[in-house]
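Residue numbers (full-length UniProt numbering): 1 to 233.
I have placed the structure first, in the form of structure tokens, so that the comments after it can refer back to it.
Now the structure itself:
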């Protein structure tokens, strides 16, 4: 009875971890940003309620669209509020807001490498969680201790890699100076009153939830595998 309850919760946590990691991977809302600029002839109220450029970025795409800042800004990123004319470019090796125009060659190449590590961690996490789920489904009818341990280990691995991707995102925004360099460039060459706001999106929020459930599920499956091994000895 205790074994069945433990197995149920381990499977539930594993399923939740898988769902949140896949949502984090498949939705392009890790970062949300909006920028605005004004000329000397524009009043502050005009900028506050005027046109803004919105960005959202994930593993696959970075999209941008124009909009007005006359309501809650974050609601602009909701699917039904976005215009059909938004522009999207592949974001595998192109982290926002770095570009060849706004940053020097060294910073640009370093950003590509940094983004490459982030992408690899994301792919490893998704691969591990899918493979772990497949192995655990195969382990259920045979009650194999080795398969339960392997599945638990893969869930721990998936949680570890998505955690690394989350930490890299935080370091990118909070520690590194790429955002400040972008703002300085835009103020120097575009408009002295240029403003950029960046926040974390839903995809980013899904990641730590997936980490929690993957770690919890992985530990439970390892415990189940160890218990079955002792039972069969």
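Where is the CB? At the ideal position from N, CA and C, for every residue including glycine.
What you are looking at is a predicted structure, and each value in this text was computed from that prediction instead of being measured.
Check, Outcome
"Go to residue 89, then tell me how far its beta strand (DSSP E) extends in each direction, as first and last residue.", "87 to 90"
"Which residue's Cα is closest to the Cα of residue 78: 216, 18, 54?", "54"
"Measuring CB atoms only, is the region 60 to 67 touching the region 16 to 32, in the sense that at least three cross pairs come out at less than 8 angstroms?", "yes"
"Whose C-beta lies closer than 7 angstroms to the C-beta of residue 73 among residues of the same chain, with five residues either side of it excluded?", "34"
"According to DSSP, is residue 47 part of a helix, a strand, or is it coil?", "For residue 47, the pLDDT reaches just 41, beneath the cut-off of 50, and the residue's location in the model is therefore unreliable, although a value from the coordinates is still provided. Of the three classes helix, strand and coil, the one that applies to residue 47 here is helix, per DSSP."
"Looking at the secondary structure, which residues open and close the beta strand (DSSP E) in which residue 64 lies?", "61 to 68"
"Distance check for residue 214 and residue 201, CA to CA, integer angstroms please.", "21 angstroms"
"For a test of the three-state rule: what should DSSP assign to residue 84, helix, strand or coil?", "coil"
"To the nearest angstrom, how far is the alpha carbon of residue 89 from that of residue 56?", "11 angstroms"
"Return the CA-CA distance between residue 66 and residue 185, expressed in angstroms with no decimal places.", "21 angstroms"
"Could you check whether the region 177 to 192 touches the region 130 to 137, counting it as contact only if at least three pairs of C-beta atoms, one from each stretch, sit closer than 8 angstroms?", "no"
"Residue 20 and residue 159 look like a contact to me (Cβ under 8 angstroms); what is the Cβ gap, rounded to whole Å?", "Actually they do not touch by this definition, with Cβ atoms about 10 angstroms apart."
"With distances taken from CA atoms, which of 112, 206, 150, 229 is nearest residue 178?", "112"
"Looking at residue 162: is its Cβ nearer than 7 angstroms to the Cβ of residue 91?", "no"
"Within its chain, find whatever has a CB closer than 7 angstroms to the CB of residue 25; leave out the 5 residues flanking it on each side and keep chain order.", "59, 122, 126"
"When the Cα atoms are used, what is the spatial distance from residue 107 to residue 118?", "16 angstroms"
"I need the straight-line Cα distance from residue 204 to residue 95, nearest angstrom please.", "15 angstroms"
"Out of 144, 173, 164, 219, point me to the one whose CA is closest to residue 229's CA.", "144"
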